[in-house]
Amino acid sequence: MSRIGNTPIDLPKGVTVSTAGRNVTVKGPKGELSYEHRREVAVAIDGAVVTVQNLRPARDRQARAYHGLTRALIRNMVVGVTEGYERKLEIHGVGYQAKKQGDRLVFNLGFADDRVVDVPAGVDVELPNATSIMIRGCDKQKVGQLAAKIRKLRPPEPYKGKGIKYDNEVIRRKSGKAFGSS
Numbered sequence: 001m002s003r004i005g006n007t008p009i010d011l012p013k014g015v016t017v018s019t020a021g022r023n024v025t026v027k028g029p030k031g032e033l034s035y036e037h038r039r040e041v042a043v044a045i046d047g048a049v050v051t052v053q054n055l056r057p058a059r060d061r062q063a064r065a066y067h068g069l070t071r072a073l074i075r076n077m078v079v080g081v082t083e084g085y086e087r088k089l090e091i092h093g094v095g096y097q098a099k100k101q102g103d104r105l106v107f108n109l110g111f112a113d114d115r116v117v118d119v120p121a122g123v124d125v126e127l128p129n130a131t132s133i134m135i136r137g138c139d140k141q142k143v144g145q146l147a148a149k150i151r152k153l154r155p156p157e158p159y160k161g162k163g164i165k166y167d168n169e170v171i172r173r174k175s176g177k178a179f180g181s182s
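Numbering (the working numbering), first residue to last: 1 to 182.
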């Protein structure tokens with residue numbers, strides 16, 4: 001069996017989990033999330049503890065994977081509705097900047113035209129200044145996907161470090177061309 005899947009999930013105060021068939025709904029102070037799990041697993045709620053059980057034999061490798069996955073996704077939903085998730089991005093480069101226009105982000109990244117990214121529902125984007133972006137939300141997947149989509153517009157390059165990077169990301173810098181003296 002999955003070691004991750006066997007670990008029970010303790011619910012903090014203010015969080016309720018309910019199931020209807022294969023649909024699991026988690027409600028908390030920051031919002032509400034739902035997930036439809038696979039047939040290979042079952043979700044049981046006992047007071048303030050949620051457990052995930054594998055319904056297939058232990059030798060079924062795929063069922064074991066879904067067992068751990070379902071437990072991890074439900075745990076991420078519980079953390080999301082209590083604490084929330086956030087990602088910080090930094091923009092490096094002369095003239096590179098971001099602006100917020102309604103529910104869209106407009107980036108000036110040295111291309112001939114501006115790059116536009118739509119912000120999905122349930123995700124809050126804050127721009128403390130023109131070169132830093134703060135993404136917050138209760139759905140870990142939406143927050144991470146938006147951050148990856150923004151970073152992909154202009155990934156950091158290794159020679160000058162220009163581009164969009166995560167705040168804790170370390171960019172390995174390369175030296176430029178070395179001319180030999182003869």
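Here a beta-carbon is modelled for each residue, glycine too, at the ideal position from N, C-alpha and C.
Do the segment 83-91 and the segment 56-71 touch if we need at least three Cβ pairs shorter than 8 Å?
-> no
Based on Cα-Cα distance, which residue from Glu32, Gly31, Leu33 and Asn54 lies nearest to alanine 42?
-> Asn54
Taking C-alpha atoms, which residue in Leu33, Pro155, Ile171 and Arg172 lies nearest to isoleucine 164?
-> Pro155
Could you spell out where the alpha helix (DSSP H) holding asparagine 64 opens and where it closes?
-> The sequence given here places arginine at residue 64; asparagine does not occur at that position. Run containing arginine 64: 61-82, per the alpha helix (DSSP H) assignment.
To the nearest whole angstrom, what separates the beta carbons of glycine 31 and valine 81, a pair I think is in contact under 8 Å?
-> 6 Å
Select from Lys152, Gln97, Ala148 and Leu153 the residue whose C-alpha is nearest the C-alpha of proline 128.
-> Gln97
Of the residues Arg22, Ile150 and Tyr85, the one placed nearest threonine 131, counting alpha carbons only | Ile150
Nearest to glycine 195 by alpha carbon, out of Gly144, Gly21, Asp103 and Gly5?
-> With the chain covering 1 to 182 only, the question about residue 195 has no answer from this structure.
Can you tell me the Cα-Cα spacing of valine 50 and aspartate 10, whole angstroms?
-> 7 Å
Take the Cβ of alanine 178 as the centre, count every other Cβ of all protein chains shown within 10 Å, and call the residue buried at 16 or more, exposed below.
-> exposed
Which first and last residues belong to the alpha helix (DSSP H) in which arginine 173 is found?
-> Segment: none, arginine 173 is in no alpha helix (DSSP H) and carries neither H nor E.
Straight-line CA distance for asparagine 108 to aspartate 139?
-> 28 Å
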